[in-house]
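Notes follow once the structure below has been shown.
Number of protein chains: 4
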Amino acid sequence: MDTGALAQILDDVLEYGGDYRIDSLDLGRQHEDASTAHISISSDDSELLARILMRLQVHGANQLDPGLAQLRPAPSDGVFPEDFYSTTNLDTQVRLDDRWIDVEQPEMDCGLVATAVGVRTVPVSDVRADDQVVCGASGVRVIMPVVEAKSAGDFGFMSSTVSSEKPQALLVRQIADTMRTVKASGKRILWVGGPAIVHTGAAPAMVKLVEAGFVDLLFAGNALATHDIESALYGTSLGVDLAMGSGVPHGHEHHIRAINCIRAEGSIAAAVESGLLTGGVMHAMVKAGKPFVLVGSVRDDGPLPDVYTDVIEGQRAMRAQLPNVGFAIMIATMLHSIATGNLLPASIPLVSIDINPATVTKLADRGSAQAIGIITDTGLFLEQLSRELLD
Amino acid sequence: MDTGALAQILDDVLEYGGDYRIDSLDLGRQHEDASTAHISISSDDSELLARILMRLQVHGANQLDPGLAQLRPAPSDGVFPEDFYSTTNLDTQVRLDDRWIDVEQPEMDCGLVATAVGVRTVPVSDVRADDQVVCGASGVRVIMPVVEAKSAGDFGFMSSTVSSEKPQALLVRQIADTMRTVKASGKRILWVGGPAIVHTGAAPAMVKLVEAGFVDLLFAGNALATHDIESALYGTSLGVDLAMGSGVPHGHEHHIRAINCIRAEGSIAAAVESGLLTGGVMHAMVKAGKPFVLVGSVRDDGPLPDVYTDVIEGQRAMRAQLPNVGFAIMIATMLHSIATGNLLPASIPLVSIDINPATVTKLADRGSAQAIGIITDTGLFLEQLSRELLD
Amino acid sequence: MDTGALAQILDDVLEYGGDYRIDSLDLGRQHEDASTAHISISSDDSELLARILMRLQVHGANQLDPGLAQLRPAPSDGVFPEDFYSTTNLDTQVRLDDRWIDVEQPEMDCGLVATAVGVRTVPVSDVRADDQVVCGASGVRVIMPVVEAKSAGDFGFMSSTVSSEKPQALLVRQIADTMRTVKASGKRILWVGGPAIVHTGAAPAMVKLVEAGFVDLLFAGNALATHDIESALYGTSLGVDLAMGSGVPHGHEHHIRAINCIRAEGSIAAAVESGLLTGGVMHAMVKAGKPFVLVGSVRDDGPLPDVYTDVIEGQRAMRAQLPNVGFAIMIATMLHSIATGNLLPASIPLVSIDINPATVTKLADRGSAQAIGIITDTGLFLEQLSRELLD
Amino acid sequence: MDTGALAQILDDVLEYGGDYRIDSLDLGRQHEDASTAHISISSDDSELLARILMRLQVHGANQLDPGLAQLRPAPSDGVFPEDFYSTTNLDTQVRLDDRWIDVEQPEMDCGLVATAVGVRTVPVSDVRADDQVVCGASGVRVIMPVVEAKSAGDFGFMSSTVSSEKPQALLVRQIADTMRTVKASGKRILWVGGPAIVHTGAAPAMVKLVEAGFVDLLFAGNALATHDIESALYGTSLGVDLAMGSGVPHGHEHHIRAINCIRAEGSIAAAVESGLLTGGVMHAMVKAGKPFVLVGSVRDDGPLPDVYTDVIEGQRAMRAQLPNVGFAIMIATMLHSIATGNLLPASIPLVSIDINPATVTKLADRGSAQAIGIITDTGLFLEQLSRELLD
């Protein structure tokens, strides 16, 4: 426990209308020591107290005596019991029958469902009537990720949140080192990308990274794939001012024509197969046999046939690809970065790259406390990363 | 034709790789006069020439002799013929059998399908195999909206694009006047809103506007409705820095609990009916019997039971509500503003209000040339608008 | 001492390369209790240790036994001794001959000069050879401003830094209440303003506030005064997109012509006297007999005859006006807000209003920890403030 | 004349309250042809008419029969006659006694003073009583810079204003090529820089460029030099979030201590001479014998002894260094970029690099129409530029 976390815990108790008493505080005398605090939380309202206790787990604070978990059946499909335990993205354990059971794949803002074989995190849209749902704050504890001294050496900028002020070249090198370490450990690297990858001219650098095996999985929307394919088919550079957040200009009919071509083929992979699509990031992913999940949004044209138009199905497809991901890098997309941040456990390091400070500060605001933001130029960043990894 | 449009036309010809010759130009000698230009466009490639001619219609430029429209059947469901005519959002006419037929409900980036009863704009996802689709650039003409002198007097700031520099109080008054005029003419006012309406404390002002009949239709996402309902159920103010684009912070379990409550009721209207939901914007819409369309995104939690999780179905639901809309006001949402801008014909005036310049400049970039952007504070703006309209 | 300050202190020690040991920590058991920590700081380098101890005073941390202050003569005009004590903006006391002496008018990044009559803060440009300058960290202590429970009730949003998320109307009311309280206590209100006051159409609202006595003192640059006067002389509205940070467009010759007119008169006051200047903010200040300090910048045209072209003399003129200021409000100017923040003691509350988040977050970054930022529209804000104070 | 310029001319006439009639317009039939327009401008007010005619020269539009220039004496020091001709930054000629005389060193928003030896641009602060000042719009013509086909090939991105959307690596290469061409032609390269050069870790790359002779002249403020020197003396990296526009954090006493050290030495050059200052950008400039002009601002601490504290004197010092500058590159500073843009003739190409879109769009707004903006990361940009030029 660090003093910052302590401050947040005390703030949250007051904000929820509870009160606290610090019973003991053993703040390691020197900075490398571990700290322990015992704090009594009180509230007149027992339901509120339960919610405060759940809330504090976001900061890694557990009850001294958590007791046993209470289970209650979901009242109907897609609905939790009223006092369901709302999850954090931390590693979590649930105590059933005096045994602590590890929860599979932590994810924030879900419920916990106990089955014969274990305890799963379940989003509210996926719960079924009569599923056994953990309720209240009893019998649940969370485990904060331990920042190892050694890994801190490798990836030291992780200690601060937004890193535009740090020497940029050093940051790129640290990310490259982390990627190599993750690959060496047999884990997968997840990329989340926006259309700026194409507009800033960084697609060739990213293609090289795909070919070299540094892109195991890609999450994106209709826009990245469309502009990548449009660029491959028509050679157009869209002239978008992405730094201004302008997104993708309309009116040029190239993009809707590119979408129509791929729809005629049936899928991006079919267009690669048929020889229609011969370049770009999506072509490289297909050729490398690496999976991608494209999820639509209400502003999409088309969309491409590979795009999940149902966002909840899209989330399920993303979730299904997360096992064995060891590192996530998010490039120039606010929507898909936050969507991915919502799904990722806190134990997976993630780096967000954007020229727009709002994107990179937002992940941390949304609960992805492990997010590192780097405010930089997408095009120059990817070129330098490719140089670090491949030269 | 103004000189700015002429410049854009010539630029586009060059950008697409064509060439031009100005045959005649009669630029009204004084500023109130109409202008006419005859320009010959040439290209070695006839397919490219057709695409240049389509492209120029975005600026209101038609062929001198457009000929007859060519129809070709759609090769399969969800696929246009390769050389389909890609629509603008201008009023459009198609010449079949020597008759000019008005196209229903113009929308950009769609195709034109001819049926026994007329010509419709159809998005690519909705075309069916063997639908008769207009192909090439022949037989289509567009009509630029005429800015009437009288309406310019009422709504004079429409001449510039982004208006943060104009006296703000005057702008609010002009929008209020426009709304009264639109209502008096029997047309409907469409609102498109983001969660900042709740976070800036502007929900009470908006509720008053709903009750007074100035909100006929609301397009939004899961976030606006969730935070509005959360605020009504729990009284929480989320403390989001929206000006920084931070969006909605996670981790507070209130929002997921609010969603679960409404899911248990079955719908927002059911929650109003049952007496669970007694305040806020969504409550006011239900009480006033006014429709709303909520469309989901990949970063949503829940979502609320009223939310379209399929974005293409969501677009269809939005499109179905557009007839008789006479004015659109978009408040603090980039995603839903652009989505709506994509669907709206150019003849419907629209105003976009946001503290973030990127949002308000983006609509125009995307082809919604009629968009007026005002960079201002959502909370103070809505309060002042409510004062102008209701006091 | 709150836990946040403790975290910052420990961070700073490590960042400077020192080490710490927490000897005792008595963190009030409940949230209203005061806290005390005793921390041992160590470093191999005694000069570094002195600098760490100075640095920690920024957070209100004093030495347990500060000893006596050391004085050393300034080696020459405009130069401090090498190990001079670098000031904070907190109330400060210096121990000379066993007596603690209050330092007059605290200001950050200055030196402390002991004279026969007391101890003054002196900026480096104003020190004279042989002035007796406090050196090292001994014999100096600082006093954190106490946030009184009562004033927190009146001005409760002071607890957070940037407040765009708070209901805007409430914030305006709180500022109005604070202004009335400050005036009732006989203190002066300092305004710091940028040209956006003119461009957003807020000048009439500000004129009313000047006439009603709520503007005792104005700090600004050449731009605010020039555009205010230009607007009064030529009726021009400049059409600047200030939200985009675009500043003041050139090329319109009105502004240089306005400057030339006032130069011909000799001063703004002379132009009011002669009847040339009959409206606007500067006219109102002259008529009300209230002082203003205009300081130039390298990008100025002209400038107006009242503008200090020497920035150090400008700082002196600003400093001379600070006594008895009880509240500072900064509107839409980054340069002059920071300049003023540099000069103000931490005990004077200050509010910064800007549509650009960068401006309002920057004051706090620069050490003006008491700064409250509100991200909002300048025009609507001033109109609402004037309504709150005057209606 | 292009159609865009024509549109602006007609707009300006209307905005000033005049009226126009297009007498003839010969718009080159093909895009490479030159165009000519004859337009009659009318106004009831002859003074207004003169001001409209001056204003139109900003767009390169001259009177068909300009007549002879009128001269009138300046009424006193620092004051122009009321109807003085307000300059553009275009190459300008004045007709005296039937001869067209070239004006030395064009600069916007100045007056024209005729002397025995020619005609000079004079800022209002430098005019002396009885100087002969050109008045009204007669007898003055401007010459638009001709964009040569060849140079367009070398530096083709000049055609658009803000270039974040263009492949970044290509942009860097084009700037490098331009710099080599400028140096080969014997002209000088002017750099204008902000402290982000230090904070993004780009100082070593810039030092290499200084040593290689690509930095002939540097304009900056106290901040760049202070943080560069602080970094050289103390090794501190300030941890500033510049992308957020946060500027330079206060409270760290390093910067004021660094300033004091250099003040003790007397100047930056003296500190290099004495061996105190052994690295960084300022050290490299001194060692290379290249001039720099540092101009202060009201928010400065110290300042360094080399800083002009009088901003008008600072402008004079900058102006004195401009002859033979052939290219200007501006890095991450809004204040000094605009200040320099104010002084530069339109014939000198300039590129502005910043991660903040506001900075790069502002130069053009202020009349520096030749400005090219690139929204990118300062650190990665300088590293890549140094690689292009030196490897």
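The listed protein sequences derive, respectively, from chains A, B, C and D. Per this note's numbering, the first sequence starts with residue 18, numbered consecutively. Per this note's numbering, the second sequence starts with residue 18, numbered consecutively. Per this note's numbering, the third sequence starts with residue 18, numbered consecutively. Per this note's numbering, the fourth sequence starts with residue 18, numbered consecutively. C-beta atoms are modelled at their ideal positions from N, C-alpha and C, and glycine is treated no differently.
Given residue i as reference, the closest of the options once Cα atoms are compared
i: residue 113 (chain A); options: A:244, A:247, A:155, A:366; result: A:155
i: residue 364 (chain D); options: D:341, D:375, D:376, D:353; result: D:341
i: residue 148 (chain B); options: B:162, B:129, B:90, B:195; result: B:90
i: residue 126 (chain C); options: C:392, C:186, C:385, C:66; result: C:385
i: residue 109 (chain D); options: D:71, D:250, D:273; result: D:71
i: residue 63 (chain C); options: C:153, C:370, C:79; result: C:153
i: residue 150 (chain C); options: C:132, C:160, C:142; result: C:132
i: residue 328 (chain B); options: B:352, B:277, B:185, B:307; result: B:352
i: residue 376 (chain D); options: D:188, D:41, D:187, D:355; result: D:355
i: residue 358 (chain C); options: C:76, C:106, C:299; result: C:106
Environment of residue i [buried if 16+ CB atoms lie within 10 Å]
i: residue 373 (chain C); result: buried
i: residue 295 (chain B); result: exposed
i: residue 35 (chain C); result: buried
i: residue 389 (chain D); result: buried
i: residue 315 (chain C); result: buried
i: residue 32 (chain C); result: exposed
i: residue 176 (chain D); result: Note that residue 176 (chain D) scores a pLDDT of 38, beneath 50, so its modelled location is shaky; the value from the coordinates is reported in the next line. With fewer than 16 Cβ atoms within 10 Å of its Cβ, residue 176 (chain D) is classed as exposed.
i: residue 228 (chain A); result: exposed
i: residue 145 (chain B); result: exposed
i: residue 94 (chain A); result: exposed
i: residue 252 (chain B); result: exposed
i: residue 29 (chain B); result: buried
i: residue 117 (chain A); result: exposed
i: residue 53 (chain A); result: exposed
Where residue i meets chain C, residues with beta-carbon distance less than 8 Å
i: residue 332 (chain D); result: 315
Span of the beta strand (DSSP E) around residue i
i: residue 43 (chain A); result: 36-43
i: residue 248 (chain A); result: Where residue 248 (chain A) is concerned, there is no enclosing beta strand (DSSP E), although the alpha helix (DSSP H) it sits in stretches over 239-251.
i: residue 55 (chain D); result: 53-59
i: residue 121 (chain C); result: 116-121
Neighbouring residues, chain C, relative to residue i (Cβ below 7 Å)
i: residue 326 (chain D); result: 327, 328, 329
i: residue 400 (chain B); result: 186
Endpoints, the alpha helix (DSSP H) within which residue i is located
i: residue 398 (chain C); result: 395-407
i: residue 278 (chain A); result: 271-282
i: residue 286 (chain C); result: 285-290
Neighbouring residues, chain D, relative to residue i (Cβ below 7 Å)
i: residue 92 (chain C); result: 281
i: residue 148 (chain C); result: In chain order: nothing, as chain D lies at least about 13 Å away.
Chain D residues whose Cβ lies nearer than 8 Å to that of residue i
i: residue 141 (chain C); result: 273, 276, 277, 280, 318, 319
Per-residue contacts from residue i into chain C (C-beta, under 9 Å)
i: residue 337 (chain A); result: None at all; the shortest Cβ gap to chain C is about 36 Å.
Contact set between residue i and chain B, taken where Cβ atoms lie within less than 7 Å
i: residue 309 (chain A); result: Residues of chain B passing the Cβ test: none, with the nearest at roughly 14 Å.
Chain-ordered chain A contacts of residue i [CB-CB under 7 Å]
i: residue 397 (chain D); result: 185, 393, 394, 397, 398, 401
Legend entry - Contacting positions in the segment 349-379 of chain D - beta carbon closer than 7 Å to chain C: Of all residues in the segment 349-379 of chain D, only 352, 353, 355, 356, 359, 375, 378, 379 place a beta-carbon less than 7 Å from a beta-carbon of chain C.
Legend entry - Near-chain B residues of the segment 78-108 of chain A (beta-carbon distance less than 8 Å), N- to C-terminal order: Of all residues in the segment 78-108 of chain A, 92, 93, 95, 96, 97, 99, 101, 103, 105 have a Cβ within less than 8 Å of some Cβ in chain B.
Legend entry - Near-chain A residues of the segment 203-220 of chain D (beta-carbon distance less than 7 Å), N- to C-terminal order: Those residues of the segment 203-220 of chain D placed with their C-beta closer than 7 Å to a C-beta in chain A are 216, 217, 218, ordered along the chain.
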